[in-house]
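There are 2 protein chains.
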Amino acid sequence: MITGHVFIATSLDGYIARENGDLDWLLKYNDAGEDHGYNDFINRIDVIVMGRGTYESVRKMGEWFYTRPVLVLSAKLSAQTVPAELTGKVRFSDKSPRDAMAMLSSEGSRHVYVDGGQVIQSFLKCRMISDMVITTVPILLGAGRTLFGKGQRDLELVQKNTRSFPSGLVQSAYDIIR
Amino acid sequence: MITGHVFIATSLDGYIARENGDLDWLLKYNDAGEDHGYNDFINRIDVIVMGRGTYESVRKMGEWFYTRPVLVLSAKLSAQTVPAELTGKVRFSDKSPRDAMAMLSSEGSRHVYVDGGQVIQSFLKCRMISDMVITTVPILLGAGRTLFGKGQRDLELVQKNTRSFPSGLVQSAYDIIR
Chain P
1 MITGHVFIAT SLDGYIAREN GDLDWLLKYN DAGEDHGYND FINRIDVIVM
51 GRGTYESVRK MGEWFYTRPV LVLSAKLSAQ TVPAELTGKV RFSDKSPRDA
101 MAMLSSEGSR HVYVDGGQVI QSFLKCRMIS DMVITTVPIL LGAGRTLFGK
151 GQRDLELVQK NTRSFPSGLV QSAYDIIR
Chain X
1001 MITGHVFIAT SLDGYIAREN GDLDWLLKYN DAGEDHGYND FINRIDVIVM
1051 GRGTYESVRK MGEWFYTRPV LVLSAKLSAQ TVPAELTGKV RFSDKSPRDA
1101 MAMLSSEGSR HVYVDGGQVI QSFLKCRMIS DMVITTVPIL LGAGRTLFGK
1151 GQRDLELVQK NTRSFPSGLV QSAYDIIR
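In order, the protein sequences belong to chains P and X.
Just so it is clear: in the first sequence, position 106 is 106 by this note's numbering, and no numbers are missing.
Heads up: take any position in the second sequence, counting from 1, add 1000, and you land on this note's numbering.
See the structure below:
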């Protein structure tokens, strides 16, 4: 069975990026010399699914740092050609979450990293997320792109474990009951 | 010096109550037999400040369970008389956060419990909160009254400690640098 997995950082007030996509408030924690578990997480992942917002934010950063194939779900981008330097690394698609997961499953993928606020929200609504690791950054931003947005119906989670880091990050893992 | 303190629970997506004020998703955790630290917290508190939303939600629950004097900041309520059964327990005022704190300080209060989303937000903007204990409930509600709202500027916090409970609650304490 194919499963969706979330690994994401959010401000204490629930934003994953500033309105313009900036991650300055988050990226400084990369220098803390702490292992926040990303490598362990990504090693279990076959393919990454994201939306246009995340894709464009990452592109703006310059270097393409993903070590797994990426599927970008975007009606707008699916009408375009993947940039030459990302050929073989990135695909664009306008599929629904369910159809995208079916396609990835048929290709042999089992563990899908679902990244970006809007894509996470749409996958949650389709009950296509199995678990989430959420790292909370000790800052209030007051505005930005939200992790969960609105419109979800009650969705109960099972908290599995929580740890905090000297830098002040707090990381909790949640299972989603299907 | 008088200081403001927050002790509040929020859903994982940042809501402290449903749109209609309901706390059903939260109150069931009261039965878990866990000590989430409320009594230790309230024992250090001289007076409680809240807004109309919190006041009316608590009134709807029936019993008045606060063991400290309560100041309700509300332009609408300040034109009304406190209900007879709450005389001596509750005051209504239309003061600003700063003026309310000055009044409470002149009365000898030192530690103020600041409760309710909008009041917390306005006190944060005035830098009148010293620390916050935030307990995260493992549920997504999708809609409701937000803890932090919008409009805050970057406010960096210092994470002091974090603990999780068998029920799945995750509680973190943050200091606010003035």
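Cβ atoms here follow ideal geometry from the backbone N, Cα and C, with glycine treated the same way.
Inset, instruction - Could you round the C-beta distance between I1045 of chain X and R1068 of chain X to whole angstroms and report it? I think they count as a contact, below 8 Å. - result: 6 Å
Legend entry - Nearest candidate by alpha-carbon position, reference D175 of chain P, set P:V6, P:M1, P:I2: P:V6
Legend entry - C-beta contact flag for S57 of chain P and A9 of chain P at 8 Å: no
Legend entry - Nearest-angstrom beta carbon gap, I120 of chain P and V112 of chain P [assumed within contact, 8 Å]: About 12 Å separates the two Cβ atoms, so there is no contact after all.
Legend entry - Environment of V1137 of chain X [buried if 16+ CB atoms lie within 10 Å]: buried
Inset, instruction - Would you verify that the beta carbon of S1164 of chain X is, or is not, closer than 8 Å to some beta carbon of chain P? - result: yes
Legend entry - Inter-residue spacing [alpha-carbon to alpha-carbon] between G37 of chain P and G1117 of chain X: 33 Å
Inset, instruction - Check S966 of chain X in the structure and name its three-state DSSP category. - result: The structure shown does not extend to residue 966 of chain X, since chain X is modelled only from 1001 to 1178, so the question has no answer here.
Inset, instruction - Say whether chain X places a C-beta atom closer than 8 Å to the C-beta of D115 of chain P. - result: no
Inset, instruction - Report the residue from X:D1154, X:N1161, X:G1108 whose alpha carbon sits nearest the alpha carbon of M1001 of chain X. - result: X:G1108
Legend entry - CB contact check: Y1174 of chain X to chain P, cutoff 8 Å: yes
Inset, instruction - Take D1035 of chain X and list the residues in its own chain whose beta-carbon comes closer than 7 Å to its own, dropping the five residues that flank it on each side. - result: none
Legend entry - Within-8 Å CB hit, A143 of chain P to chain X: yes
Legend entry - chain P contacts made by the region 1003 to 1034 of chain X, where a contact means CB separation under 8 Å: L1012, D1013, G1014, W1025
Inset, instruction - Tell me whether the beta-carbon of Q159 of chain P lies closer than 8 Å to the beta-carbon of L124 of chain P. - result: no
Legend entry - Pairwise C-alpha distance: E85 of chain P and G1053 of chain X: 54 Å
Legend entry - One or two residues paired with L1071 of chain X in a DSSP bridge: X:V1049, X:R1091
Inset, instruction - Would you please verify whether the beta carbon of R178 of chain P is less than 8 Å from any beta carbon of chain X? - result: no
Legend entry - Listed by chain order, chain P residues near V1158 of chain X by CB distance under 8 Å: P138, G168
Legend entry - Reduced DSSP secondary structure (H/G/I, E/B, other) of A84 of chain P: helix
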